[in-house]
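The numbers in this note's numbering rise by one with no breaks, and the one at position 30 of the sequence shown is 59.
Only one structure is covered here, and it is reproduced in the block below.
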Amino acid sequence: MKILGINAFGHDTSAALVIDGKLVAAVEEERLNREKSTRAFPHLSIEYCLKEANIKFEDVDYITYAYQPYLWLTHRFLYHQLRFFPQALGELKYVKRMISKFMFLKSNIQKELKTNKPIILLKHHDAHMGSTFLVSPFEEAAILTLDGLGEYETSVQAVGKGTSIKRLDHILFPNSLGSMYACISHFVGYTAELDEGKVMGLAAYGDASEYYNDFKKLVKLKKMELFN
Numbered sequence: 030m031k032i033l034g035i036n037a038f039g040h041d042t043s044a045a046l047v048i049d050g051k052l053v054a055a056v057e058e059e060r061l062n063r064e065k066s067t068r069a070f071p072h073l074s075i076e077y078c079l080k081e082a083n084i085k086f087e088d089v090d091y092i093t094y095a096y097q098p099y100l101w102l103t104h105r106f107l108y109h110q111l112r113f114f115p116q117a118l119g120e121l122k123y124v125k126r127m128i129s130k131f132m133f134l135k136s137n138i139q140k141e142l143k144t145n146k147p148i149i150l151l152k153h154h155d156a157h158m159g160s161t162f163l164v165s166p167f168e169e170a171a172i173l174t175l176d177g178l179g180e181y182e183t184s185v186q187a188v189g190k191g192t193s194i195k196r197l198d199h200i201l202f203p204n205s206l207g208s209m210y211a212c213i214s215h216f217v218g219y220t221a222e223l224d225e226g227k228v229m230g231l232a233a234y235g236d237a238s239e240y241y242n243d244f245k246k247l248v249k250l251k252k253m254e255l256f257n
């Protein structure tokens, strides 16, 4: 079975190809179009993966994408709007953009690729976990994902064993270490969702103790919970 995974309609677009359970090729579009953190649809990445495997696009059985829009709509958008009304109304421009981009995700992908091949939408953090544990040398491992935001989760704790992954706990938006990191990057003059690596590099030259107490107020660890 040949499965083509793509990351598109956002930053750092990419593609990967798995054949009979084995990762054959993977590449980010920026490596090929020379545009840092590119948002271009990964046509070049797809072409690269197919060439590496010496197959044609017609040979691909399934296309996968790591996002389930209906989960974002029900768990993230509707829940967040109701919980934080009326302050959350300020998000409406963002919501309009997300709906236009993701609510017709399958048809948008098919339009870009000019295909009617079946498309499987994966839960965002499940893809994070699978792309690390399932290609690792470990038979069993603890798994922790952290990012800005998936559909509505910002972190997942799980246990991987063999070819299965069992979820144990998760953190829900708006609690997000990834978003906090992006905000700090923006605050010190860099671009969020792009320059966090630069901030991480600069952190080695700073004195963490100077702002330790401030960050203790922002991030709270609780017994039997991840973050809050």
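Yeah, the Cβ is synthetic: ideal placement off N, Cα and C, and Gly gets one too.
Q. To which residues of the same chain is Leu33 closer than 6 Å at the C-beta, ignoring the five residues directly before and after it?
A. Here the set comprises Leu46, Val89 and Ile92.
Q: Go to Leu61, then tell me how far its alpha helix (DSSP H) extends in each direction, as first and last residue.
A: Note, Leu61: alpha helix (DSSP H), Glu59 to Asn62.
(Q) Would Ala44 and Ala55 be called neighbours here (beta carbons separated by less than 9 Å)? (A) yes
Q: Evaluate contact between the segment 199-216 and the segment 161-169, counting only Cβ atoms and requiring at least three cross-stretch pairs below 8 Å.
A: No, the segment 199-216 is not in contact with the segment 161-169.
Q.
Report the CB separation of Thr183 from Met158 in whole angstroms; it is logged as a contact under 8 Å.
A. Not a contact, Cβ separation roughly 14 Å.
Q) Ile213 by DSSP, collapsed to three states: which one? A) helix
**Q.** Beta-carbon separation (whole angstroms), Glu225 vs Ser208, contact threshold 8 Å
**A.** Actually they are not in contact, since the Cβ atoms of Glu225 and Ser208 sit about 11 Å apart, beyond 8 Å.
Q. Could you give the distance in angstroms between the alpha-carbon of Ala232 and the alpha-carbon of Tyr210?
A. Their backbone Cα atoms lie some 12 Å apart in a straight line.
Q. Taking buried to mean at least 16 other C-beta atoms within 10 Å of its own C-beta, is Thr42 buried or exposed?
A. buried
Q) In whole angstroms, what is the alpha-carbon distance linking Glu81 and Lys152? A) 27 Å
Q: List the whole-angstrom C-beta distance separating Tyr96 from Leu178, where the pair is believed to meet the contact cut-off of C-beta under 8 Å.
A: Not confirmed; about 11 Å, so no contact.
Q. How many Å lie between Leu100 and Phe131 at the Cα?
A. When rounded, the separation of the alpha-carbon atoms in Leu100 and Phe131 is 11 Å.
(Q) Let's see if you can read the secondary structure: which residues bound the alpha helix (DSSP H) around Val228? (A) Per DSSP, Val228 belongs to the alpha helix (DSSP H) from Glu225 to Ala232.
Q) Looking at the structure shown, is Thr161 part of a helix, part of a strand, or coil, going by DSSP? A) helix
Q: Determine the direct distance from the alpha carbon of Gln139 to that of His154, and round the result to whole angstroms.
A: 23 Å
Q. Thinking just about the alpha-carbon of each residue, which of Glu87, Phe106, Asn36 and Asp49 is nearest to the one in Ser74?
A. Answer by Cα proximity: Asn36.
Q | Euclidean distance between Cα positions of Leu197 and Leu102 | A | Approximately 23 Å between the Cα atoms of the pair.
Q.
Could you check whether Tyr94 and Leu134 sit closer than 9 Å to each other, using their CB atoms as the reference points?
A. yes
**Q.** Exposed unless 16 or more other CB atoms sit within 10 angstroms - verdict on Ala237
**A.** exposed
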